[in-house]
Every structure is written in structure tokens, then in C-alpha cells.
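Peer 1: There's a structure below that I have some questions on.
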Amino acid sequence: MKHIPFKMLLKKSYFYIVFIFLGCTSTKTNNQHTNSSSTEPTIIQTQNGPVKAKPVIQNLGLDDHSYISLTPSQTESTIHHKDSLLQDYNNTQISSSSEEVKFNSDSPVADRIVQNYLNSEIKEPGGHCLTVSKTRFEKAFKEVHGHLPYQDFPDSMATATYTSKQVFNLLYVTASKPDKSWQSLPEQYRGKGNAGAITYAGMGTLVDSTGIWGGKLKPGALMQVWRYKEDYIEVVQGADVKKLDPYGHSFIFINYVRDDKGVITGLRIADQGFQSYRPLVPRDYDVWWAVNLSV
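Each residue of the sequence shown is one higher than the one before, counting from 38 in our numbering.
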């Protein structure tokens, strides 16, 4: 996720950047147990030439964590037709339509996030998903309240090692590490990315997968998802990122997509362009977390 202000926010804990593993793509294959539908083998171009393989979660370069310090203008746009999950959509999903965007009366910041996105001429800036979601949240917060959210964090968030701001940033970027530095953070908020960090800061209400797919999300909610449940569990406990290579994604909820019977079939989202060109469906990820803003 991606911008200079964010880099400055982490200047006191910059050494954690090397442990940030919340990638928007991954090299993991789909032969792990998953809810994804099966597809035919494909020919994949690699640096060593073409190889025949089962569909993979294609690496579009967004798992390069150097993106964390880049502004959207410094990064390339995402190629829409190379959706990393290689999903097939049935006729019901294709015929589904987005419900009207209804603003969140409980949160002027959430309203501003959605308004800024809808009014933006560049809805898919590229870059890293973490930075894009965080930038959108910070920008809206400052426009509404006149300052960034950090000065409003409760002192109780701080630990003997980290300030409240550092705790928030470490949770937001999911700086998992198999030692006490990560494990000293509250377990109930680890691995939940933006949703966990914002909830812990007292600025919203956590929503789990049941609530998400049960229609409880409000426009402007920030979301963190994980492709595989096993990765999420390891992330929470503290993982060696280089060995695990987990696949997660961070974005903002805009509205639901429903079929002709009113049943929710997908989520319309705002991200850096990686998947925002089409609705997300339940089988896309094993683990879903979100936070409905209250500020």
C-alpha cells in the first residue's frame, strides 16, 4: 500500500518494513484446499520459458514490499484481465447488479472515503493495496476532522516498546514476525490488518465474515482478507514471512451486489486496481474481516 506520508509515519519503526508480508498477489498455487472453482491447466510464461501448470495466483509484482514507500504516480497500473484468482463467473453473478451506494450516516469519514472514490478521476492508481487503502482513510479523516487520526488514538494502545501510533501501523500493515515484538500486540487484532488496527483505535466496529456476507457492511468500511485460512492462523501467531509467503489483500467496501431475488452475490470494492474492476465473491478468500467506521 503506498505513499510517502505513510513512510514518514513509520520512520520510528522502519525496521519492520522488511517483515511486511501483506501482499496483494502471491506465487501460491490453487492446488491447496480452497473454495475456488477448478479450471483447466494453462500455459504460463516464466523467465525460464513456457510451462504447463494448474492455474496459479499470478504474481503481478505487487508483493514487492518496496511499494510501501511509493506514491501512486510512481507505480504502474494493474493489468485488469490478469485477475490472480482466475475466477469463472456463472450467469447469475454476471447478471447481478450493484445496489445504490448508500452513505454511512454513522461516520462522516466513511462517507468522505466513498465520495472521494466516486468523484476521483483515478480510481485505480496502482501501487500496493495497503498504502492505497491507508491513504484513502487518512485523507478522508483529515478532510473531516482537520488532522490525521493518530492524535486521537487512546494512550491505552501504547506498550512498553511502542507508541500508540506505532502499534496502529504495525497492526495495519500486519508486520508479523515469530518473536515477542509481534506477539506483544493484542492477539484479537493481529492479522486483521486495517480492520484490526482501526477497531483497536476505537474508531469502528469489527465485522466478521458472517456479518460481511450477511449484509452488515456499510459503505466506506475498510477490509482485510486472506486467501488461505492456514496462512491467516500463522500470521496471527507470528510467521517467518520469507517461508510463508501469504496472500492477503486490503481494500475498501463500496456496496453490495445482489441477484434478482435480492440475495447478496458480491462486494463492489475500491483498491489499487487489482480486483476492483469486478465484484468479489465469497470463494475468492477464506478469511474476511472488516471495520464499519464510527468517526
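In this text, a Cβ means the ideal position worked out from N, Cα and C, and glycines have one as well. Just so it is clear, the structure is predicted and the values come from calculations on it, not from any experiment.
(1) Below 6 Å CB to CB, which residues in the same chain sit around LYS202 once its five sequence neighbours on both sides are set aside?
(2) For HIS184, count the other beta carbons within 10 Å of its own beta carbon; 16 or more makes it buried, fewer makes it exposed. Which is it?
(3) I'd like the list of long-range same chain contacts for ALA234, defined as Cβ closer than 6 Å, with 5 residues on each side in sequence excluded.
(4) Per DSSP, SER287 forms a beta bridge with which residues?
(5) Kindly examine the ligand SAM and report whether one of its heavy atoms sits closer than 7 Å to the Cβ of VAL273.
(6) Roughly how many angstroms lie between the CA atoms of GLY248 and LEU254, to the nearest whole one?
(7) From ASP308, ILE150, TRP325, TYR293, pick the residue whose C-alpha is nearest to that of THR168; which is it?
(8) Going straight from the alpha carbon of GLN261 to that of TRP219, what length do you get?
(9) Going by beta carbon distance, what residues of the same chain come within less than 6 Å of ALA345, once the five residues before and after it are set aside?
(10) If we call anything under 8 Å between Cβ atoms a contact, is PRO215 one with ASP277?
(11) Express the C-alpha separation of GLY252 and ARG264 in angstroms, rounding to a whole number.
(12) To the nearest angstrom, how far is the alpha carbon of ASN329 from that of LEU259?
(13) Can you check DSSP and say which residues form a bridge with TYR293?
(14) In chain order, what residues of the same chain lie with their CB nearer than 6 Å to the CB of TRP325, ignoring the 5 residues before and after it?
(15) CA-CA distance, ARG149 and SER213?
(16) In angstroms with no decimal places, state the Cα-to-Cα distance between LYS266 and GLU158.
(17) Run through the DSSP bridge pairs and tell me what VAL324 is partnered with.
(18) Buried or exposed: which applies to ASP192, given that a residue is buried once 16 or more other Cβ atoms fall within 10 Å of its Cβ?
(19) If you run the structure through DSSP and keep just helix, strand and coil, what is VAL169?
Peer 2: This is what the structure gives:
(1) Numbered from its first residue, the sequence shown carries residue 202 at position 165. Excluding positions up to five away in sequence, the list reads TYR187.
(2) Walking along the sequence shown from the start, residue 184 turns up at place 147. Residue burial annotation: HIS184 is exposed, with fewer than 16 other C-beta atoms found within 10 angstroms of its C-beta.
(3) Within the sequence shown, the letter at position 197 stands for residue 234. Counting only Cβ-Cβ distances below 6 Å, and skipping sequence neighbours, we find PHE205, LEU208, TYR209.
(4) Here residue 287 refers to the residue found at position 250 of the sequence shown. Answer is GLN261.
(5) Ligands in the displayed structure: none, and consequently the ligand SAM is not present.
(6) Indexing the sequence shown from 1 puts residue 248 at position 211. Indexing the sequence shown from 1 puts residue 254 at position 217. Roughly 7 Å between the two C-alpha positions.
(7) Along the sequence shown, one-based indexing puts residue 168 at 131. Closest by alpha carbon: ASP308.
(8) In the sequence shown, the residue the question calls residue 261 occupies position 224. In the sequence shown, the residue the question calls residue 219 occupies position 182. GLN261 and TRP219 have their C-alpha atoms roughly 18 Å apart.
(9) Shown here, the chain extends from 38 to 332; a query on residue 345 therefore has no answer.
(10) The count along the sequence shown starts at 1 and reaches residue 215 at position 178. The count along the sequence shown starts at 1 and reaches residue 277 at position 240. Between PRO215 and ASP277, the C-beta gap is smaller than 8 Å, which places the two residues in contact.
(11) In the sequence shown, residue 264 corresponds to position 227, counting from 1. In the sequence shown, residue 252 corresponds to position 215, counting from 1. Roughly 21 Å separates the two Cα atoms.
(12) Here residue 329 refers to the residue found at position 292 when the sequence shown is read from its first residue. Here residue 259 refers to the residue found at position 222 when the sequence shown is read from its first residue. Their Cα atoms are separated by approximately 7 Å.
(13) Your numbering for residue 293 matches position 256 in the sequence shown. TYR293 has LEU304 as its beta-bridge partners, per DSSP.
(14) For the purposes of this step, residue 325 is taken as the residue at position 288 of the sequence shown. These residues qualify, in order along the chain: SER246, ILE249, VAL262.
(15) Locating residue 149 in the sequence shown gives position 112, where the first residue counts as 1. Locating residue 213 in the sequence shown gives position 176, where the first residue counts as 1. When only Cα atoms are considered, ARG149 and SER213 end up about 31 Å apart.
(16) Numbered from 1 along the sequence shown, position 229 holds the residue referred to as residue 266. Numbered from 1 along the sequence shown, position 121 holds the residue referred to as residue 158. Spanning the two alpha carbons is a distance of roughly 36 Å.
(17) Locating residue 324 in the sequence shown gives position 287, where the first residue counts as 1. Within the DSSP bridge table, the entry for VAL324 names TRP263 as partners.
(18) Working through the sequence shown from its first residue, we reach residue 192 at position 155. Burial call: exposed.
(19) One-based indexing of the sequence shown puts residue 169 at position 132. Reduced to three states, the DSSP call for VAL169 is helix.
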